[in-house]
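Just so we're aligned, residue 297 is where the sequence shown starts under my numbering, counting upward by one.
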Amino acid sequence: KAAAHAVASMGVEYLIFTAWHWRALPLYPSTVTEKYRGIKLPARDLLGEIIDAITARGIDMLLYTHPRDGHDFSPTEKLAIGWGKDVPGDRPDADTFQCDKWNEYTLALYDELLTRYGDKLSGIYTDGTGPYSKKSEKYENTLQVIDYTRLRHKIKQKNPQMCMIQNHFGYLFSDDFEMPEGYFGFEDAHFKDTRGLPAARKALALCPFVGGWCPENAARGTDARKADVVQLARFVIFNASCTVGGGTCFASGPYCEGNLFPVGVVDFMQKLGTLIRSHKESVLDAVPSVSYPTVSGDTMEKCAWRCFTESADGKYTYLHLLKRPETEEVKIPLAVDGAELFAPVSLCKNVEILDFVRVADGYSLRLRGEFDEVDSVIRFTRSVPENAPRVEWYNDSDKRLRYEGTWKYTFLMQDPATHTALGSFECDYHTAMQKGSAVFTYFEGNTVSLYGNKRPGNGKAKIYIDGVFAGETDENSSQTKNRTLLFTSIDLFGGVHTLYVVNDSDAPFELDAICITR
């Protein structure tokens, strides 16, 4: 209860709790564990007490579980539950692994877990790299470890509203959405200057404290904070203008014994929660702007320290000024969907609106006053034409894309010299490694655009729409340019269409994203 009180004071909206530490004290008395492992467990339901204490404070509870690895078991236990022979790493031995037995054991645990707490939980996080495991040194993903279709059925059957989350490895298998376990290696000293952190559409997990996921690694008595709370709050707001998959998450927790958090953690999270809550209308209750979108891969510096959100009903557009403007005049371009802005209102009590006029290429807004430390917000009334265009992005890891031939997936982190994002959509891309490798998808819309990466040595590709040759593109360039527009179709006037892109040279071809306009 003490830990629940501390968490509630931080302004936390969702708490992801690691539910199963198999080798430590069990968190709930499991009849499944008693059956398979012959261990008599305590009667006290510790997990139930934690869930009740957290949810009583209005915080949604999610459980982080790991159904497809056996690294917490002893060699004897691995044989008993179907994992098989004890081998190094977190993947089973292909010759002795008993898939049916392991699935029976694991799914029975989920059944008991959800029977006990399913109506109290908001989500289940499934750790791991997916349904398949590496069978040999050749990295053939042919050994299925867990039946994720059955697992999804079991979770959704118990609670259809349960959110299912998985780790991000470039493909979504059976969960509702994915998020990276850590954010692209940015969790370092440059957290104190977040200008280079890229926004993303998927949820992001950040570790702003020493020790990362494991607080016990932080030296006792030493300040665990390695991030600047104001800088990080600014990035949370910026990312809220892009994300559609869950926002920004922060990893922390007490030491394993007792309720003691590492030094600075509680103060940091309380300050962060206060800063974000002060922008409830324009951040917590808002959605990313479709009129002024922040594209995945954009940074605050690239966007001139400003971004936009919209009210959920579409009535208002919010301009976020993440730094004080250099001059009194703030220029706003025309909206991409043709929306018009009217009647600006300052949501920062110390910022005054001097003038607002429509000009040929957008709007001119003049402001003065004492700007907010993190975010000064101007709210506009928004009017949208009936036939406003709508934009949809397919990332290169989208399930609707079918790859043929030889492709390599790259989870692009950052420039190692500058710790700056390189701008790719969702920080990843696929590379066709040989001539003839292709990608196929379908879409509904008026136009389709192809984005990739230009760099020295890259090759060409041919593009086909509805089976008809539509054009070609060349990624070879003397300079590296990520998230570059390679091709845009002519107007297709709606309807359902197919897109087929084929690598037309022996050089690599990199696919970053596909953008459809309706």
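All residues carry an ideal CB built from backbone N, CA and C; glycine is no exception.
Owing to the predicted nature of the structure, the values given are computational and were not obtained by experimental measurement.
Given this structure, state the Cα-to-Cα distance separating residue i from residue j, to the nearest angstrom.
i, j, result
"residue 435", "residue 707", "Because residue 435 carries a pLDDT of 40, less than 50, the predicted location of this residue cannot be relied on, and the following value inherits that uncertainty. Straight-line Cα distance between these residues: approximately 18 Å."
"residue 833", "residue 690", "The question about residue 833 has no answer here: the residues shown for the chain are numbered 297 through 814."
"residue 644", "residue 340", "50 Å"
"residue 640", "residue 675", "5 Å"
"residue 413", "residue 327", "15 Å"
"residue 687", "residue 377", "48 Å"
"residue 426", "residue 727", "21 Å"
"residue 465", "residue 577", "34 Å"
"residue 808", "residue 590", "17 Å"
"residue 408", "residue 330", "12 Å"
"residue 596", "residue 411", "45 Å"
"residue 397", "residue 566", "45 Å"
"residue 519", "residue 502", "18 Å"
"residue 432", "residue 383", "With a pLDDT of only 43 at residue 432, under the threshold of 50, the placement of this residue in the model should not be trusted; the figure read from the coordinates follows. Spanning the two alpha carbons is a distance of roughly 12 Å."
"residue 357", "residue 440", "29 Å"
"residue 551", "residue 794", "53 Å"
"residue 772", "residue 783", "14 Å"
"residue 317", "residue 740", "In this prediction, residue 317 scores a pLDDT of 47, lower than 50, which makes its location untrustworthy; no coordinate-derived value is stated."
"residue 695", "residue 810", "13 Å"
"residue 813", "residue 475", "26 Å"
"residue 487", "residue 521", "10 Å"
"residue 387", "residue 371", "13 Å"
"residue 650", "residue 533", "25 Å"
"residue 646", "residue 307", "25 Å"
"residue 748", "residue 776", "11 Å"
"residue 361", "residue 313", "9 Å"
"residue 261", "residue 469", "With the chain covering only 297 through 814, there is no way to say anything about residue 261."
"residue 359", "residue 395", "24 Å"
"residue 561", "residue 548", "8 Å"
Confirm, please, whether the CB-CB distance from residue j to residue i is below 8 Å.
i, j, result
"residue 363", "residue 422", "yes"
"residue 805", "residue 742", "no"
"residue 697", "residue 744", "no"
"residue 701", "residue 730", "yes"
"residue 493", "residue 529", "no"
"residue 678", "residue 637", "yes"
"residue 545", "residue 580", "no"
"residue 750", "residue 800", "no"
"residue 536", "residue 445", "no"
"residue 693", "residue 428", "no"
"residue 455", "residue 391", "no"
"residue 473", "residue 541", "yes"
"residue 365", "residue 419", "no"
"residue 403", "residue 458", "no"
"residue 663", "residue 621", "yes"
"residue 288", "residue 462", "What is shown of the chain runs 297 to 814, which leaves residue 288 out entirely."
Between residue i and residue j, which are expected to be in contact by the criterion C-beta below 8 Å, what is the C-beta distance as a whole number of angstroms?
i, j, result
"residue 539", "residue 600", "Contact flag wrong, Cβ pair sits at about 20 Å."
"residue 684", "residue 633", "4 Å"
"residue 627", "residue 585", "Residue 627 to residue 585, Cβ: 17 Å. No contact."
"residue 471", "residue 399", "So it is not a contact: roughly 17 Å between Cβ atoms."
"residue 574", "residue 617", "Contact doesn't hold; Cβ gap of about 14 Å is too wide."
"residue 406", "residue 451", "7 Å"
For residue i, list the residues DSSP reports as bridge partners.
i, result
"residue 614", "605 and 675"
"residue 428", "440"
"residue 667", "For residue 667, which the question treats as bridged, DSSP gives no partner whatsoever."
"residue 475", "463"
"residue 809", "691 and 747"
"residue 793", "739"
"residue 700", "734"
"residue 500", "544"
"residue 758", "768 and 798"
"residue 451", "None; residue 451 has no bridge partner."
"residue 344", "DSSP lists no partner for residue 344."
"residue 311", "357"
"residue 419", "358 and 459"
Segments assigned alpha helix (DSSP H), at least 4 residues, entirely inside the stretch 353-396: 371-376
Complete beta strand (DSSP E) runs within the stretch 719-745 (minimum length 3 residues, chain order): 724-728 and 734-740
Any beta strand (DSSP E) of 3 or more consecutive residues that is wholly inside the stretch 619-669: 625-629, 636-642, 647-655 and 658-665
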